[in-house]
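Under numbering that gives the first Met the number 0, residues 0 to 124 are what the sequence shown spells out, in order. We put the CB at the ideal spot given by N, CA and C, even for glycine.
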Amino acid sequence: MAESISFTLPFGYEKDDKTYRNGKMHLATTGDELEIQDADEVGMNTRYRDILLMTKVIDELDGLKPVTADIIKDLYEPDFIYLQLLYRQLNGESGSSITTRCPDCGAISEIKLADLYKDMSIYEK
Numbered sequence: 000m001a002e003s004i005s006f007t008l009p010f011g012y013e014k015d016d017k018t019y020r021n022g023k024m025h026l027a028t029t030g031d032e033l034e035i036q037d038a039d040e041v042g043m044n045t046r047y048r049d050i051l052l053m054t055k056v057i058d059e060l061d062g063l064k065p066v067t068a069d070i071i072k073d074l075y076e077p078d079f080i081y082l083q084l085l086y087r088q089l090n091g092e093s094g095s096s097i098t099t100r101c102p103d104c105g106a107i108s109e110i111k112l113a114d115l116y117k118d119m120s121i122y123e124k
C-alpha cells in the first residue's frame with residue numbers, strides 16, 4: 000500500500016448544509032500522473048492538471064468517494080492551495096517548511112507546511 004497522509008482542510012467542502020474537512024491523500028503513482036496527461040481537458044492548463052491530479056491522489060473526504068473534479072473545483076482557494084502543498088510535500092517536490100518574513104517587524108519565521116492552516120482563529124466570525 001502506498002504511503003498516505005491524513006489532512007484537515009482549513010475551510011472544507013460544503014454541500015447540503017454539511018462541511019467535509021477530513022481526508023486522506025496517497026503518494027502519487029506513475030499511473031496517477033500518466034492518466035491525467037491523457038485527459039483532453041488538461042492541454043496546456045496546469046491548473047486543471049492539478050485539479051485532476053487531486054482527484055487521483057485524494058482517497059476520500061469525510062467518506063465522500065470518489066473525490067471528483069467538481070468537488071475539487073468547489074473548494075475554497077485556501078483549501079486547494081493547502082492540498083497542492085501537501086501533495087508536493089508527500090511526493091518530495093518541496094521541503095516540509097517555508098521561511099517567511101513579517102511585513103511589519105521583519106521577523107523571520109519558519110512554518111511547517113502541514114501546519115500552515117492549523118490556527119484558523121483569525122477566520123472566526
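Whose C-beta lies closer than 8 angstroms to the C-beta of K64 among residues of the same chain, with five residues either side of it excluded? D58
C-alpha gap between T54 and D16, whole angstroms: Answer to the nearest angstrom: the Cα atoms are 23 angstroms apart.
Looking at the unbroken beta strand (DSSP E) that takes in E59, where does it start and where does it end? I57 to L60
For N21 and D49, which I take to be in contact (beta-carbon distance under 8 angstroms), what is that distance rounded to the nearest angstrom? With a Cβ gap of about 21 angstroms, N21 and D49 do not count as contacting.
Whole-angstrom distance between Y86 and I4, CA atom to CA atom: 9 angstroms
Residues in its own chain within less than 7 angstroms of D73 by CB, not counting five upstream and five downstream? Y12
Residue burial classification, L89 (beta-carbon count within 10 angstroms, cutoff 16): buried
Tell me which residue opens and which closes the beta strand (DSSP E) that E34 is part of. Annotation for E34: no beta strand (DSSP E) segment contains it, though the alpha helix (DSSP H) segment containing it runs T29 to Q36.
What's the call for K14, buried or exposed, on a 16-neighbour Cβ count within 10 Å? exposed
Please list the terminal residues of the continuous beta strand (DSSP E) segment that includes L8. S3 to K14
Compute the beta-carbon to beta-carbon distance between I35 and L8, rounded to the nearest angstrom, for a pair I have assumed lies under 8 angstroms. With a Cβ gap of about 21 angstroms, I35 and L8 do not count as contacting.
Between the C-alpha atoms of A27 and L33, what's the straight-line distance to the nearest angstrom? 10 angstroms
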